[in-house]
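For the sequence shown, counting from 1, position 202 maps to 202 in the UniProt record's numbering; every step adds exactly one. Quick reminder that beta carbons are idealized off the backbone N, C-alpha and C, glycines included. A short write-up of the structure that comes next.
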Amino acid sequence: MTTGTAAEPYSGRSRATRDALLDAAERLYAEQGIDNVSHRQITAGAGQGNNAAIAYHFGTSADLVRAVVLRHAVPIDDIRRRSLAGMGDPTDIRSWLDCLVRPLAEHLEQLGVPTWYARLAAQLTTDPRRRAAVLEAASGTRTIAVLVEGLGRCVPDLPEPVRAERSDLARLLVVQAFAEREAAVARGLPTPRATWAECADGVTDALVGVWLAPVTGQWRTS
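Printed below as a string of structure tokens:
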């Protein structure tokens, strides 16, 4: 007999409840903003009458956010592993950047319409209070470290402070571009690119420019 106790939280009805809470939280966070969504709204959106369900299944609000991020981070990392394994010229910076961008695009394509994760990721990435949720989910994977190392080898003369700056710019460009496309698709509005794959092409093109742009000011190398 399944009791739904904390020792067995992901079996039977308990798993279905957990998934419903994750779905509702992701959708509401994306549409209304994390700070504007209460536990009561999430449990109602998940069709649950017990407002303590979030505490039971996840713990704190921060734990819930991490759980939402992690259920996307794992499949994205799997796609990225395949992309790295099949990557072309390792001296071509575009190949590395494509492995950064395309896995998220492919994941969003697989989810169908509508999606909410890109808008949530944009909120988390630009919020210093919550950025750790994204970084923590990614820290358990090797693919990001491999990407950072590969990009570094493509721009060996780029000063470390500039490299860090451009890495931050790349992160912001990816999440914001994808979030805006996701919002437009959800509203039935036109987008510059017809598919997520084409969107990935455009974002990758832009990132090549970011990474290979001349360095001026105090870090100018020539």
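ask   = What do you reckon, are the CB atoms on Ala20 and Gln41 nearer than 8 angstroms?
value = 8 angstroms or more divides the Cβ of Ala20 from the Cβ of Gln41.
task = Rank Ala105, Arg130 and Val210 by C-alpha distance to the C-alpha of Glu198 and give the top, closest one.
result = Per the C-alpha coordinates, the member of Ala105, Arg130 and Val210 positioned closest to Glu198 is Ala105.
query = When the Cα of Ala184 is compared with those of Thr115, Gly150 and Gln32, which residue comes out closest?
reply = When the alpha-carbon of Ala184 is set against those of Thr115, Gly150 and Gln32, the nearest one is in Thr115.
ask   = Given that a residue counts as buried once 16 or more other Cβ atoms are within 10 Å of its Cβ, and exposed if not, what is Asp98?
value = Label assigned to Asp98: buried.
Same chain, Cβ closer than 6 angstroms to Arg166, five either side skipped, listed in chain order = Val210 and Trp211, listed in sequence order.
query = Excluding sequence positions up to five away, which residues of its chain have a Cβ less than 8 angstroms from the Cβ of Leu108?
reply = Correct list, in chain order: Thr115, Tyr117, Ala118, Phe178, Glu182 and Trp196.
message = Just to confirm before moving on: does the CB-CB distance between Ile144 and Pro103 stay below 8 angstroms?
response = Going by C-beta atoms, Ile144 is not nearer than 8 angstroms to Pro103.
message = Looking at the secondary structure, which residues open and close the alpha helix (DSSP H) in which Gln123 lies?
response = For Gln123, the uninterrupted alpha helix (DSSP H) segment begins and ends at Tyr117 to Thr125.
task = Take the Cβ of Ala170 as the centre, count every other Cβ of all protein chains shown within 10 Å, and call the residue buried at 16 or more, exposed below.
result = Classification for Ala170: buried.
request  = Using the Cα positions of Thr91 and Arg153, report the straight-line distance between them to the nearest angstrom.
outcome  = Taking the straight line from one Cα to the other gives about 8 angstroms.
ask   = For Arg18, which residues from the same chain have a beta carbon less than 6 angstroms from its beta carbon, with the 5 sequence-adjacent residues on both sides left out?
value = Within its own chain, the residues whose Cβ lies closer than 6 angstroms to the Cβ of Arg18, once the five positions on either side in sequence are excluded, are His57, listed in chain order.
query = Who are the near neighbours of Leu64 in its chain, counting only those whose CB is closer than 7 angstroms to its CB and skipping five residues on each side?
reply = The answer, listed in chain order, is Ala25, Ile54 and Phe58.
query = Helix or strand or just coil, what does DSSP make of Pro103?
reply = Three-state result, Pro103: helix.
inquiry  = Less than 7 angstroms separating the Cβ of His57 from some heavy atom of the ligand ZN?
reply    = What this structure holds is no ligand at all, so the ligand ZN is not there to describe.
request  = Would you mind giving the Cβ-Cβ distance between Leu207 and Leu158, rounded to the nearest angstrom? I have them listed as a contact below 8 angstroms.
outcome  = The C-beta distance from Leu207 to Leu158 rounds to 14 angstroms, too long to meet the 8 angstroms contact threshold.
request  = Excluding the 5 residues preceding and the 5 following Arg80 in the sequence, name in chain order all residues of the same chain whose CB lies nearer than 7 angstroms to its CB.
outcome  = Take Arg80, set aside five residues on each side of it, and the residues of its chain with a beta-carbon closer than 7 angstroms to its own are Cys99, Pro103 and Thr143, in chain order.
inquiry  = Rounded to whole angstroms, what is the Cα-Cα separation between Trp96 and Gly86?
reply    = If you draw a straight line from the Cα of Trp96 to the Cα of Gly86, it is about 11 angstroms long.
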